[in-house]
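These notes are about the structure you will find just below.
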Amino acid sequence: MVIEAVYHRPKLNWSYAYDEKTVHVRIRTKRNDVNQVFVHAGDKYAWERTASYVKMRLLTNDASFDYWEAAIQPPYRRLRYGFRLESGKERLWLTEQGFQRKEPIDSAGMFEYPFLNPADILKPPSWVKDAVFYQIFPERFANGDSAINPPQVESWGAQPTATNFFGGDLLGVMQHLNHLVELGVTAIYFTPLFEATTNHKYDTRDYLKVDPQFGTNETLKQLVEACHQRGIRVLLDAVFNHCGKTFLPFIDVMEKGADSPYADWFHIKEWPLRVKDGIPTYETFAFEPIMPKLNTENEEVKAYLLEVAEFWIREIGIDGWRLDVANEVDHRFWRSFRDKVKRMNPDAYILGEIWHDAMMWLQGDQFDAVMNYPFTTAVLDFVTTGKLDGAGFADAVGAQLASYPQQANEAAFNLLDSHDTPRLLTQCDGDKRRMKLAALLQFTFPGTPCIYYGDEVGMSGGGDPDCRRCMVWDASLQDRDLFEFYRRLIALRKSSEALRTGALRFLHAKPGDARLVFERVNENEQLLIFVNASRRSAQLSVNAGAARSWQSAPPGAAVPAMAPAGGKLQLKLPPFGYAVLRAE
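Numbering (the numbering used here), first residue to last: 1 to 584.
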């Protein structure tokens, strides 16, 4: 047994409360090195009569490690525990004191989950794991009110640049809500709506005012109400890391310098404020002079932004916030932010934009979930570039699932493209087969999927600003086959509890092989997803378990009902083909 590979520590993603009764405990071992792991767990004040061994299940694995998990319900909300690892005839016990060859005689020195406090539990809103999001870049979705067009607006559908405008607005969104209803969308994520100078609005001028080019606060309230009537929730973009150069406090600092009462609202490195050798003398987002960084440790700034967070929930009725550049804001601010938002609406979704490991923001005191860019990268590297084979994809996904608590994975924001990236169809070199395959993976994995506006009708586009093209509303120019594919894919996810919350297990994922088979399963349902990410037709054979027959589930390839022969299920898939089978 390779003991150097074994790892566990209390809290974080290794032992955490899943709900008010259940603690999930995990441990890592070298891949294919340990046959079985048990948790020896009980109450520290009643060890003799509560301790027992609980068999752990193999949760997932990556290229180097296996990850084991057990769900335990402590009788008195306290948990003291150790591990027994078995490899062949070898047995080893692990406690907080280290490894030993003999079973511990008592619980002294074991790991502890001291007390299951409800206030510490990460509790994403229950609706999120069942949602299907649709991202809208408001300036490019639909022009519903030409009277509020910005100056020199260009004709709809012209080539986007970093600075031009097309007149998209909130009324335009309202006029096309039926499109989203037909598609099956249940939540909208808007990029910023507040007053700003740019077309993307990430340089906020007024945090309490909808940009006049989009409408008014009342227009937004009417839109939110219209969405709610259709069962669609609304998520707004909060840009609290930085503001815009036309934000009044920053204008005052520019004019008065260190004498401004707002001087400490920002991070000033050197007076006067200027750009020196290409670097501003004040902290900004990504060296952008028009986006000065806010000092969220300043109590006035903090109070102002927390009032903004509450205002739009209280006055407009939004359902949550997506937090821009969330990893560059101090943790203390986000803890206060969560307290404020959840007091106003306990069901609000708090989503952080973090492109890297985000465990420190997912401990129940800050965010409900993060944008799942590691998943994005894994799917694209498997389907669009071929950088990953089946084993590489399974390893990447396994590492990601092991990184976070289960409830964070269930509420993760799974996207394949956005206003920050080339469009999915473009990344697939215009190949709709690849695009459909990537979307199938997105909708059959844990987490809530998000469609970038226009993907469902075949829009393409390179990197920013080309990915921000005007939505295509001419039906003759829309790809209705692709729209129908997405509609059926959404319907499949809505109809399957196992796809939303069930366990994930790979049945076929091998090096040098672009084929995959994985299972999504819970106590009531079992689905098998077959994937062929190669340019050639391929046959797949897997052990189908005890199910007597399988039925094709749209939008997978049509496969007749069948009984596996000798427990084996065989399928032939075309290039970039897929099939979804449901056990009958």
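All C-beta atoms in this analysis are idealised placements derived from N, C-alpha and C, irrespective of residue type, glycine included.
- For K293, the closest alpha carbon among the candidates T246, H242, D368 and F333 is that of H242.
- The Cβ atoms of A187 and L235 lie closer than 8 Å to each other.
- Distances from the alpha-carbon of L193 to those of L183, G184 and R205 put R205 closest.
- Only residues of its own chain outside the window of five on either side were considered, and among them P575 have a CB closer than 6 Å to the CB of R535, listed in chain order.
- DSSP places L401 outside any beta strand (DSSP E); the residue lies instead in the alpha helix (DSSP H), whose first and last residues are G390 to S403.
- For E195, the closest alpha carbon among the candidates E270, V25 and E139 is that of E139.
- The C-alpha of K123 is placed about 28 Å away from the C-alpha of T29.
- A distance of 8 Å or more separates the beta carbons of V308 and Y202.
- With respect to the 8 Å criterion, Y67 and A402 are classified as neighbours on the basis of their beta carbons.
- Annotated three-state conformation of F99 is strand, per DSSP.
- Around the beta carbon of R335, fewer than 16 other beta carbons lie within 10 angstroms, which makes this residue exposed.
- With a 10 Å radius around the Cβ and a threshold of 16 neighbouring Cβ atoms, N35 comes out exposed.
- With 16 or more other CB atoms across the displayed protein chains lying within 10 angstroms of its CB, H179 is buried.
- Listed as beta-bridge partners of E112 by DSSP are R80.
- Taking 8 Å as the cut-off, the Cβ atoms of L527 and A553 count as close.
- For A131, same chain residues with a beta-carbon under 6 Å away, outside a window of 5 residues either side, are T186, A187 and T448 in chain order.
- For the 8 Å CB-CB criterion, A498 and R520 form a contact.
- Under the three-pair Cβ rule at 8 Å, the segment 211-219 does not count as touching the segment 254-269.
- In the structure shown, the three-state DSSP call for H8 is coil.
- Look at K510 here: in three-state DSSP terms it is coil, with no helix or strand label.
- Put simply, the backbone Cα of F137 is about 40 Å away from that of E69.
- In the structure shown, the three-state DSSP call for T377 is helix.
- Taken atom to atom, the span from the alpha-carbon of R480 to that of E456 is near 8 Å.
- The DSSP-derived three-state label of M371 is strand.
- Fewer than three pairs of CB atoms, one per stretch, sit closer than 8 Å, so the segment 94-110 makes no contact with the segment 426-445.
- The beta carbon of D381 is closer than 7 Å to those of K387 and L388 in its chain, skipping five residues each way along the sequence.
- Excluding the 5 residues flanking it on each side, I316 has same chain C-beta neighbours closer than 6 Å at L220, K221 and V224, in chain order.
- From the listed residues P272, I290 and A286, the smallest Cα separation to L248 is found for I290.
- About 6 Å separates the Cβ atoms of F530 and Y578, confirming a contact at the 8 Å cut-off.
- Within the segment 129-200, the complete beta strand (DSSP E) runs of at least 3 residues fall at 133-136, 187-190 and 194-196.
- One alpha carbon belongs to Q73, the other to P160, and they sit about 55 Å apart.
- Cβ atoms of P125 and D368 come within 8 Å of each other, at about 7 Å.
- With a beta-carbon spacing of about 57 Å, H176 and L94 fall beyond the 8 Å limit used to define contacts.
- In the three-state DSSP reduction, G577 falls in the coil class, being neither helix nor strand.
- Take P261, set aside five residues on each side of it, and no residue of its chain has a beta-carbon closer than 7 Å to its own.
- By the beta-carbon neighbour count (other beta carbons within 10 angstroms, threshold 16), S418 is buried.
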